[in-house]
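Peer 1:
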Amino acid sequence: MLSTVSTVCALFLLSVVFIAPGSAAVATETDPPPASTPAPTPDAPSPAPDSTTVASPVIEKPAASALVGDTISFSGTAEPGSGIDLYSSTGGQPLCSVVTTPAGTWSCDVSLPSTSSITVRAVQTVAGQSTETSVTVSVLNAPTAGSAGNGTVSNGTVMGEAVPDATVTAVVGEVSCTATADGTGAWFCALPKGLKSGSYQLTASQVAPWSRGRSSSSSRPSTLTIDVDAPAPPSVSIPAGSVQASGAAFSGGGEDGATVTLFAGPHSLCQAVVAGARWSCTSAAIDAGTYEVSAIQQDAAGNISTESVRVAVAFVGAPTAPAPTEQPAPSAGTPSPTSTPIPSLPGGDPTAAAPQQQQQQQSQPGTTTDAPPATSSGGWSASTRFSAGMQPAFGTSSSIDWTLALGIGLAMVAFLAVPARLLAGTLRGLRAEPGPRSASSGRLTGRNRSRYQEYDTAPTLPWNARVTGAFALVASATITVLSAPVTDEPAYLRLLVAVMLGVLVVNAVAVLVPKVLARSIFDVTAGVRLRPLFLLISIGATILSRVLDLDPALVFGIVFGLALSLPTSRRALGRLAALQIGALLAVGSTAFLISGSIVAGTGSGTVGAFLAEFVNTIALASLGGAAIQLLPIADLPGRHILRWKPIVWLPLALVSFTLLAGVLSSALEGLGGGAGLIVFGLASLTFAAACVAIWLWVRFVRPPAHDESSTPTT
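Here the numbering used here = 1-based position in the sequence shown + 684.
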């Protein structure tokens, strides 16, 4: 037993000597186990990886500080099979959630609002553990763009939404326009002139104040229909006779989809949308009286027509509470006529266009503040006061009260013409009295020297008679055109030509016809001479028309007169003057009678407007010229007729003044209706009283002039 224990102890000592040194080395040096160490079986679970071995996700695109927009593609790498969630720095739900591919890649498309800076985080989740990374970018999306009119139809203007204060460039076909968005991001611009009506592709891009000159991508192309053709004026069916001051029914024709606005003088009566080429509406309440009714229409693109022909309508009865059918206001392209009118053609000033459209949108049925423009935009075919200011002389559509016109004619004879003759004769008699005359009693200039023999040879300035006459005609036409407000539209060049031709016809009638008739009937030879005094009368009539805003205007377009080549009797002078006045009355009355049908039948084109202006000029200048020349003062024809036969002068004067009152009846009503006539009557009575008082004082009160020739010398 003892020997066995000894043997075991010996073996233990030998193992300590030969084995222990190797085992100690392993423990101290932490060497890997020998290759002979058995590997775990395939079924044994792998030990859990240490957390330090999980890599963070990587955002490869977009790069930091990049400018992105619209649909943004984020992509990168992460642990294979891990989940990736994208979050924005604004908070909220994940922008997107994806799982990485076996290769460890991921991608995700998101949309973000435009902003100068935003941070996006990519959060990776694997085996319950999360890691993340982030990138900061700028987002600038494409602006929105569309028609500034109704739907997809535009009159050459586009609008949309963008970043506040951004610079937006809109491209339509081969042209473009640029605008700056306002503080709310709204923008508006007008395309260049010359763009024809048709279908185009519209895109837009923007540069933000913080994008450092970098532009967004272009918006998706959209179809835009350009319509730059203004519609024709709508037609208006006027009820026969007078209409009620409230609830009157009006109708007419127009362009489908357009909005028609009906006006009575300065009042907006009602609006209606054209359907099936017809429109109708019920008028709002209006004060009783006679007004010129007209209409305009605005198509879907925002183009506004010229004004329809004005027709005088009598509104009777007391107005009641307005009960017009409610109609939509015209859709102004983005407006204006407001007052910065909506451009009806491409290339208009956007700032001006916007106000116009706002004004158009604010024009609602029942309002009485919006009146049709005296002259409407429309280029060469636009209407003027000379093309739309005349009223029909007779018929159901005429509002001329000829009984009242006759009364005004009688008043003008009694309180204007006759007193003027008394005053002129009195002043002429004072000048002819014998006795010494001071310098102040002579000419208005105070001249007290002889007008004769001041020079050995009087200086002469030769002028070509034809050139002088042509200049006088042009001057008279220009003065006539200025009797109404004038704008810079091409239509006023057309008006000037029409007035020049009308004035030429009136002067030919005033001098050539009487000259020929006097030669053939009375065997009297008359000559034609330029009358500078008549130009001064024309200027006076123009000033009166502008001061009183007469529509139609008082026109005196005569520049030539007749003169007998040899001294002759009062009878010859009176006959010649009567022929001259008769010719003017004949041509003026004819033009007045046909002017209404000419205006109504020629439409709104350039030729129609030109013809209307030509005929109206003849009517106004002939009747106005006849009435003014019948005043029996100075060297006017009226004085020669009165000296020849007062019984001839009286009917001619009465007819002339009555016709002139009929032509200007609407203008007199515009001065305040009954109040205007009262003021006119008081002014006439005052003038007549002053003239009669001067005549009575000189004739019966003033002591006779002292005659030096009868005073004895000492």
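Quick reminder that beta carbons are idealized off the backbone N, C-alpha and C, glycines included.
1) Out of curiosity, what's the CA-to-CA distance linking residue 790 and residue 850?
2) If we ignore side chains and look at the alpha-carbon of each, how far apart do residue 1321 and residue 1305 end up?
3) Give me the Cα-Cα distance between residue 1165 and residue 1279, rounded to the nearest whole angstrom.
4) So, using beta-carbon positions, are residue 852 and residue 890 closer together than 7 angstroms?
5) Residue 789 by DSSP, collapsed to three states: which one?
6) So if DSSP puts residue 980 in a beta bridge, which residue, or which two residues, is it bridged to?
7) Using C-beta distances below 6 angstroms, list every residue in its chain close to residue 1237, excluding the 5 sequence neighbours before and after it, in chain order.
8) Using only CA atoms, which one of 1297, 1253 and 1381 lies nearest to residue 1327?
9) Below 6 angstroms CB to CB, which residues in the same chain sit around residue 1182 once its five sequence neighbours on both sides are set aside?
10) Out of 1372, 783, 936 and 763, which has the shortest C-alpha to C-alpha gap to residue 1102?
11) With burial defined as no fewer than 16 other Cβ atoms inside 10 Å of the residue's Cβ, what is the status of residue 1380: buried or exposed?
12) Under the rule that 16 or more other beta-carbon atoms within 10 Å means buried, what is residue 1244, buried or exposed?
13) According to DSSP, is residue 938 helix, strand or coil?
14) Look at the alpha carbon of residue 822 and the alpha carbon of residue 848, and state the distance between them as a whole number of angstroms.
15) Under three-state DSSP, which class holds residue 1205?
16) Please go through the same chain and pick out, in chain order, the residues whose beta-carbon is closer than 6 angstroms to the beta-carbon of residue 769, but skip the five residues on each side of it.
17) Is residue 710 helix, strand or coil by DSSP?
18) Enumerate, from N- to C-terminal direction, the unbroken alpha helix (DSSP H) stretches of 4 or more residues contained entirely within the stretch 1148-1173.
19) Can you look up residue 991 in the DSSP assignment and give me helix, strand or coil?
20) Evaluate residue 980 with the Cβ neighbour count: other Cβ atoms within 10 Å of its Cβ, from every protein chain shown; 16 or more gives buried, anything less gives exposed.
21) Per DSSP, what kind of secondary structure is residue 1107 in: helix, strand or coil?
22) Assuming residue 1261 contacts residue 1324 under a Cβ cut-off of 8 angstroms, what Cβ separation, rounded to an integer in Å, is found between them?
23) According to DSSP, is residue 766 helix, strand or coil?
24) Output the distance between the C-alpha atoms of residue 893 and residue 869, rounded to the nearest integer angstrom.
25) Are the beta-carbon atoms belonging to residue 756 and residue 819 less than 7 angstroms from one another?
26) For residue 1189 and residue 1212, I'd like the C-alpha separation in whole angstroms.
27) Between which two residues does the alpha helix (DSSP H) carrying residue 1231 extend?
28) Between the Cα of residue 977 and the Cα atoms of 874, 998 and 904, which residue gives the shortest distance?
29) Looking at the unbroken alpha helix (DSSP H) that takes in residue 1086, where does it start and where does it end?
30) Is the CB of residue 984 under 7 angstroms away from at least one CB in chain C?
31) Looking at the strands, I want to know which residues DSSP matches up with residue 1375.
32) Using a Cβ distance threshold of 8 angstroms, determine whether the stretch 1331-1343 contacts the stretch 1307-1320, with at least three qualifying pairs required.
33) CA-CA distance, residue 1370 and residue 1099?
34) Where DSSP assigns a beta bridge to residue 843, which residues make up the other side?
35) So, for residue 828: in the same chain, excluding its five sequence neighbours on each side, which residues have a beta-carbon less than 8 angstroms away from its beta-carbon?
36) Below 8 angstroms, how does it come out for the stretch 985-1001 and the stretch 957-977: are there three or more Cβ pairs, yes or no?
Peer 2: Well, looking at it:
1) Taking the first residue of the sequence shown as position 1, residue 790 is located at position 106. Taking the first residue of the sequence shown as position 1, residue 850 is located at position 166. Cα to Cα, residue 790 sits roughly 35 angstroms from residue 850.
2) On the sequence shown, residue 1321 is found 637 positions in, with the first residue counted as 1. On the sequence shown, residue 1305 is found 621 positions in, with the first residue counted as 1. Answer to the nearest angstrom: the Cα atoms are 16 angstroms apart.
3) If you number the sequence shown from 1, residue 1165 lands on position 481. If you number the sequence shown from 1, residue 1279 lands on position 595. Roughly 18 angstroms separates the two Cα atoms.
4) Mapped onto the sequence shown, residue 852 falls at position 168. Mapped onto the sequence shown, residue 890 falls at position 206. Taking C-beta atoms as the reference points, residue 852 and residue 890 count as a pair closer than 7 angstroms.
5) The sequence position of residue 789 within the sequence shown is 105, counting from 1. In this structure, residue 789 counts as strand in the three-state DSSP scheme.
6) Within the sequence shown, numbered from 1, the residue matching residue 980 stands at position 296. Paired residues: 945.
7) As a working mapping, residue 1237 is identified with position 553 in the sequence shown. Listed in chain order, the non-local C-beta contacts of residue 1237 below 6 angstroms within the same chain comprise 1167, 1168 and 1229, local neighbours out to five positions each way being set aside.
8) Here residue 1327 refers to the residue found at position 643 of the sequence shown. The residue from 1297, 1253 and 1381 with its alpha-carbon nearest to that of residue 1327 is 1253.
9) Position 498 of the sequence shown, counted from the first residue, corresponds to residue 1182. Cβ within range, chain order: 1294, 1297 and 1298.
10) Numbered from its first residue, the sequence shown carries residue 1102 at position 418. It is 1372.
11) Your numbering for residue 1380 matches position 696 in the sequence shown. By the 10 Å Cβ count, residue 1380 comes out exposed.
12) Along the sequence shown, read from residue 1 onward, the residue named residue 1244 stands at position 560. Buried, because 16 or more other Cβ atoms sit within 10 Å of the Cβ of residue 1244.
13) Position 254 of the sequence shown, counted from the start, is the residue given in the question as residue 938. DSSP places residue 938 in the coil class of the three-state scheme, outside both helix and strand.
14) For the purposes of this step, residue 822 is taken as residue 138 along the sequence shown, with counting starting at 1. For the purposes of this step, residue 848 is taken as residue 164 along the sequence shown, with counting starting at 1. Each residue's Cα considered, the two are about 15 angstroms apart.
15) As a position in the sequence shown, residue 1205 is number 521, starting the count at 1. Three-state result, residue 1205: helix.
16) Your numbering for residue 769 matches position 85 in the sequence shown. Closer than 6 angstroms at the Cβ level, and outside the excluded window around residue 769, lie 778, 781 and 807.
17) The residue given as residue 710 occupies position 26 in the sequence shown. Any answer about residue 710 is weak, because its pLDDT of 35 lies below 50 and its placement is not dependable; what the coordinates show is given next. The answer is helix: DSSP assigns residue 710 an H, G or I state.
18) Taking only runs of at least 4 residues, the alpha helix (DSSP H) segments lying wholly in the stretch 1148-1173 are 1149-1165.
19) Along the sequence shown, one-based indexing puts residue 991 at 307. For residue 991, the three-state secondary structure derived from DSSP is coil.
20) The residue given as residue 980 occupies position 296 in the sequence shown. It counts as buried.
21) Your numbering for residue 1107 matches position 423 in the sequence shown. Three-state DSSP puts residue 1107 in a helix.
22) Stepping through the sequence shown from its first residue, residue 1261 is reached at position 577. Stepping through the sequence shown from its first residue, residue 1324 is reached at position 640. Sure, about 4 angstroms apart at Cβ, within 8 angstroms.
23) As a position in the sequence shown, residue 766 is number 82, starting the count at 1. In this structure, residue 766 counts as coil in the three-state DSSP scheme.
24) Within the sequence shown, numbered from 1, the residue matching residue 893 stands at position 209. Within the sequence shown, numbered from 1, the residue matching residue 869 stands at position 185. Near 12 angstroms, if we compare the C-alpha coordinates of residue 869 and residue 893.
25) As a position in the sequence shown, residue 756 is number 72, starting the count at 1. As a position in the sequence shown, residue 819 is number 135, starting the count at 1. Not a contact, by the Cβ cut-off of 7 angstroms.
26) On the sequence shown, position 505 is the one that residue 1189 refers to. On the sequence shown, position 528 is the one that residue 1212 refers to. Distance between the alpha carbons of residue 1189 and residue 1212 is about 15 angstroms.
27) Position 547 of the sequence shown holds residue 1231. Annotation: the continuous alpha helix (DSSP H) that includes residue 1231 extends over 1216-1232.
28) In the sequence shown, residue 977 corresponds to position 293, counting from 1. With distances taken between Cα atoms, residue 977 lies closest to 998.
29) As a position in the sequence shown, residue 1086 is number 402, starting the count at 1. It spans 1086-1096 - the alpha helix (DSSP H) in which residue 1086 sits, taken as one unbroken run.
30) In summary, chain C is missing from the structure at hand, where a single protein chain is found.
31) Position 691 of the sequence shown holds residue 1375. Residue 1375 pairs with nothing; no bridge assigned.
32) Flag = yes, the stretch 1331-1343 and the stretch 1307-1320 touch.
33) Here the question's residue 1370 lines up with position 686 in the sequence shown. Here the question's residue 1099 lines up with position 415 in the sequence shown. Whole-angstrom Cα-Cα distance: 9 angstroms.
34) Residue mapping note: residue 843 aligns to position 159 of the sequence shown, counting from 1. Under DSSP, residue 843 forms a beta bridge with 830 and 872.
35) The sequence position of residue 828 within the sequence shown is 144, counting from 1. Setting aside the 5 residues that flank it on each side, residue 828 is surrounded in the same chain by 844, 845, 846, 888 and 903, each with a C-beta closer than 8 angstroms to its C-beta; the list follows chain order.
36) The stretch 985-1001 is in contact with the stretch 957-977.
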